[in-house]
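See structure below.
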Amino acid sequence: MNPYVLMILLSSLGLGTTLTFASSHWLLAWMGLEINTLAIVPLMAQHHHPRAVEATTKYFLTQATAAAMIMFASTTNAWISGEWDMTNMSNPIATTMLIAALALKIGLAPMHYWMPEVLQGLDLLTGLILSTWQKLAPLAIIIQIAPAIDPLLLTALGLTSTLVGGWGGLNQTQLRKILAYSSIAHMGWMIIILQYAPQLTLLALGTYIFMTSAAFLTLKLSSTTKINTLAMTWSNSPMLATTTTLVLLSLGGLPPLTGFMPKWLILQELTKQDLPLTATVMALAALLSLYFYLRLCYAMTLTISPNTPNSTTPWRTQTTQASLPLSISTTIALGLLPMTPAILMLTN
């Protein structure tokens, strides 16, 4: 892709998200979401492959549907209440429609069906943008309107997403689909705690972005998209295989890695709010996700591909890809747990 075109598209992505962040008016927020969608569509379709075109079409149709629902709900709310302000959500029907549309935007279950299919058709870097940056603007709106949303609806969305995200990833062999289900599960963790401690939603989002970035950049570096090609990683780069294993365990939420921190704090907060049953179901759903991360770790570190010679590999070549983003995101994805007291001080 032409670098000037790429710069315009990435600037538009940033502009759309910033516009939604800064807006308190529904029309401005909607406009930001639309700029966001239109900016990523050419990035998704840049490889002229039938799968990429199919994924782009599916993504565009779901996002257009969600945008139309947001427009309709905000117009309904403005018609009843007389103002377009985002904080004034007095109509329960409009609020429910809005949360359904925003759930469709970020891929919360049961509106998640497009997410694995779309991510499977994209290259890894565009998939990374879709899994991280594209979640920011809709989540910002959800956080703003959260006080007006029915708590039972948020809890149902969160629980369904974590269960579907864990259950759906168990049977997958494609790494991008596994990361899509991982994204659905993490979104569930963010949504379930939103009504009680929004700062923990932001903390979970931050850690999710760094862990997912590390996972996608690693797969990009090793040019891997399927489980059976993961077995070659150990022969090519033992150090990369080691750090990737730790990043995957961090995504699963195992101590002493960064991914344990948001899960721990969210479960603690749910217990404080006198919701032990919800906390138990969330913890058990996290075990489902952990199983498929462990499958990846097993394939990467404990199996050797039958094609691999046992001799020293003279063909380990230096990569031409930038490794600084990968090293930064991996470091953050592995080592932030000791910072928990400081983060608690900031969030309280």
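Counted from 1, the sequence shown has number 237 at position 237 by UniProt numbering; the numbering is strictly sequential.
Virtual Cβ for every residue (Gly too), placed ideally from N, Cα, C.
Everything numeric in this text was worked out from a predicted model, so none of it was measured.
Query	Result
Three-way DSSP call (helix, strand, coil) for His48 in this model	coil
Length at least 4, wholly inside the stretch 190 to 278: the alpha helix (DSSP H) runs in chain order	198 to 221, 227 to 230, 233 to 236, 238 to 252, 260 to 272
Collapsed DSSP secondary structure at Gln63 in the structure displayed	helix
First and last residue of the uninterrupted alpha helix (DSSP H) at Gln134	133 to 145
One or two residues paired with Asp123 in a DSSP bridge	DSSP lists no partner for Asp123.
Inter-residue spacing [alpha-carbon to alpha-carbon] between Leu248 and Ile8	33 Å
Supposed contact pair Pro262 and Ala204 - C-beta distance, whole angstroms, cut 8 Å	4 Å
Among Pro338, Ser182, Thr207, the one whose alpha carbon lies nearest that of Ala285	Ser182
Delimiting residues of the alpha helix (DSSP H) encompassing Leu6	3 to 22
Cβ pair Ile191, Thr278 closer than 9 Å	no
Under the three-state DSSP convention, the category His25 falls into	strand
Limits of the unbroken alpha helix (DSSP H) element including Met300	Looking at the DSSP string, Met300 is not in any alpha helix (DSSP H), and its letter there is neither H nor E.
Beta-carbon gap between Ser74 and Leu19 smaller than 9 Å	no
Unbroken alpha helix (DSSP H) run spanning Met345, endpoints	340 to 347
Distance between Ala148 and Ser24 (C-alpha atoms, nearest Å)	15 Å
Contacting residues, own chain, Cβ-Cβ under 7 Å from Tyr293 (five flanking each side not counted)	Leu248, Leu249, Leu251, Gly252
Among Leu202, Ala45, Pro325, Met232, the one whose alpha carbon lies nearest that of Thr301	Met232
Distance between beta carbons of Ser161 and residue 349, contact taken as under 8 Å	Because residue 349 is not part of the residues shown, which for the chain are 1 to 348, the question remains open.
Whether Thr65 touches Leu104 by CB criterion (9 Å)	yes
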